[in-house]
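Here is the structure we will look at, set down as structure tokens.
Residue numbers (the numbering used here), protein chains in the order written: chain S, 1 to 246; chain B, 247 to 509.
The following block contains the structure:
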């Protein structure tokens, strides 16, 4: 509907929303906002608005999927019909199914699944509004939901993308940069273990550009990690205060 | 499947209601406190988030160009869809909408459609060929009872907040222009749901009350106070006298809700 802008980075080196190439969008996170879930988190990453809820560890259904020696982690990434400019059918698309799988693979390395044999944990992710980078913001929220559910983890998983726009490597692409830009590299990361748990890429990059993209993406992850930890602590501070009042 | 503890609690709820009391200290004719936040989703043409007690529903509206039904060539189209998203309750499962979600969307649909809340004639672009289609998507984010009233309230609030793209017609093609026009509305229906246990009626059932009630009645009222849609649910029944009592209770509740909502 609107004309596509020709340049994504202006002569002053700033992007369409005024960010520098290596600058994150604003990130706001709340933990424990869904009363019926065992753990939950809400993230606003730029214009992305995403809810994640974790249920479990609980009895695994259907039973034949139970594992005798570990917990089964299931993830479902789903977009609300009104989350994107053209209404999306509520039935899961191939893209949503793939993202559900890669998000699960990104979270699994963090969870002590061997501590909970025969159980299941479900993580449900609902994208209420999408603006590029939803898989990354979903992982950031989902790992908080797991932590909030009290599931023991090696580290929080945090995710952020980097990409190439107007021939420059830039951090945390928004929708329009992802669509017109020439490459996108989402990365999920456990900062304490220096471990990358999700890595995808589309577009064209030289080896050097790719290394640079991963480096600035993990740099972005580290910044979000601080916000993630604060959000988790904040929930338990509130509980402490309530106890003092009593 | 309910455990012993919950079965004891359900018995208590039942007993209290038979004595004219409720476990959450409400009167039988008392609604839970609610709040409405409009425009929470900027990318949707309209949206509203309603909290009714701990029940939370988000409604997003998308407006797109489509074709009219053959029998109403001069009217725009509205469709309502409800998703009981699995993070709203441990009893909701992923998958296509089940009976409960379909019933919910159809009750909300009827309240809006039969009150003629949307002026669908103004949604016509080229008669018989192109009209605006209004998609009302109900997204239940937390289930704590009475999804019907919360969803209906969120749907109407979201429609009030909806804008349509400006357009022009060039050679029978619709060209979207800059700027928006508010969705033309004629009415703002209010839906009131009540539950029944034995011969006691109570307004706005909570989740645990829903588990023990015999039956449910949802009634939608137009701005003038006419009844425009109704649905009975649950395995119980209403006698003619109970129905009369239910109607007058629902009507007075709808009036006081309308004052609170300032619709």
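By construction, the Cβ of each residue, glycine as well, lies at the ideal position given by its N, Cα and C atoms. Predicted model, so just to flag it, every value in this text is computed and none were measured.
- Contacts with chain S (Cβ-Cβ distance below 7 angstroms) from the stretch 326-359 of chain B involve 327, 329, 331, 332, 333, 334, 335, 336, 340 and 342, listed in chain order.
- Beta-carbon to beta-carbon, residue 228 (chain S) and residue 158 (chain S) are separated by about 6 angstroms, close enough to satisfy the 8 angstroms threshold.
- With a beta-carbon spacing of about 5 angstroms, residue 163 (chain S) and residue 183 (chain S) fall inside the 8 angstroms limit used to define contacts.
- In the structure shown, residue 339 (chain B) adopts coil according to DSSP, grouped into three states.
- Interface residue (Cβ-Cβ distance to chain B less than 8 angstroms): residue 66 (chain S) is not classified as such.
- Inclusion of residue 307 (chain B) and residue 291 (chain B) in the CB contact set at 8 angstroms is warranted, their separation being smaller than that value.
- DSSP places residue 178 (chain S) in the helix class (H, G or I) of the three-state scheme.
- In the displayed model, residue 172 (chain S) falls within coil according to three-state DSSP, outside both helix and strand.
- Only exposed fits residue 342 (chain B), as fewer than 16 other CB atoms lie within 10 angstroms of its CB.
- When the beta-carbon positions are compared, residue 294 (chain B) and residue 403 (chain B) come within less than 8 angstroms of each other.
- Counting only Cβ-Cβ distances below 9 angstroms, residue 307 (chain B) has contacts in chain S at 82, in chain order.
- Put simply, the CB of residue 36 (chain S) is near chain B, with a gap under 8 angstroms to one of its CB atoms.
- Chain-ordered, the chain S residues with CB closer than 8 angstroms to the CB of residue 304 (chain B) read 80 and 128.
- Nearest to residue 383 (chain B) by alpha-carbon distance, out of B:398, B:470, B:421 and B:439, is B:398.
- Secondary structure note for residue 48 (chain S): its beta strand (DSSP E) is the uninterrupted segment 48-59.
- Per DSSP, reduced to three states, the secondary structure at residue 199 (chain S) is strand.
- The Cβ atoms of residue 377 (chain B) and residue 322 (chain B) lie closer than 8 angstroms to each other.
- Boundaries of the beta strand (DSSP E) harbouring residue 466 (chain B): 461-467, taken from the DSSP string.
- In the three-state DSSP reduction, residue 40 (chain S) falls in the strand class (E or B).
- Proximity to residue 29 (chain S) across S:197, S:142 and S:212 peaks at S:142, based on C-alpha coordinates.
- Runs of the beta strand (DSSP E) spanning 3 or more residues and lying entirely within the stretch 10-40 of chain S occur at 27-31, in chain order.
- For residue 479 (chain B), the enclosing beta strand (DSSP E) begins and ends at 473-479.
- When 9 angstroms is used as the limit between beta carbons, residue 51 (chain S) is near these residues of chain B: 331, 333 and 387, in chain order.
- Within the stretch 87-101 of chain S, the residues whose Cβ lies closer than 7 angstroms to any Cβ of chain B are, in chain order, 87, 90 and 91.
- The beta-bridge partner set that DSSP reports for residue 293 (chain B) consists of B:306.
- Out of B:317, B:493 and B:371, the CA that lies nearest to the CA of residue 448 (chain B) is found in B:493.
- A Cβ-Cβ separation of about 6 angstroms places residue 25 (chain S) in contact with residue 172 (chain S) under the 8 angstroms criterion.
- With contact defined as three or more Cβ pairs closer than 8 angstroms, the stretch 43-57 of chain S and the stretch 121-130 of chain S are in contact.
- Judged by DSSP secondary structure, residue 441 (chain B) falls within the beta strand (DSSP E) whose first and last residues are 436-443.
- 8 angstroms or more divides the Cβ of residue 304 (chain B) from the Cβ of residue 34 (chain S).
- Shown in chain order are the members of the stretch 308-320 of chain B whose Cβ falls below 8 angstroms from a Cβ of chain S: 308 and 310.
- As the crow flies, the alpha-carbon of residue 84 (chain S) is around 46 angstroms from that of residue 254 (chain B).
- The beta carbon of residue 109 (chain S) lies closer than 6 angstroms to those of 197 in the same chain, with the five residues before and after it left out.
- With fewer than 16 other Cβ atoms from the protein chains shown falling within 10 Å of its own Cβ, residue 193 (chain S) counts as exposed.
- At least one CB of chain B lies nearer than 8 angstroms to the CB of residue 55 (chain S).
- Within its own chain, the residues whose Cβ lies closer than 6 angstroms to the Cβ of residue 296 (chain B), once the five positions on either side in sequence are excluded, are 282, 303, 396, 399 and 400, listed in chain order.
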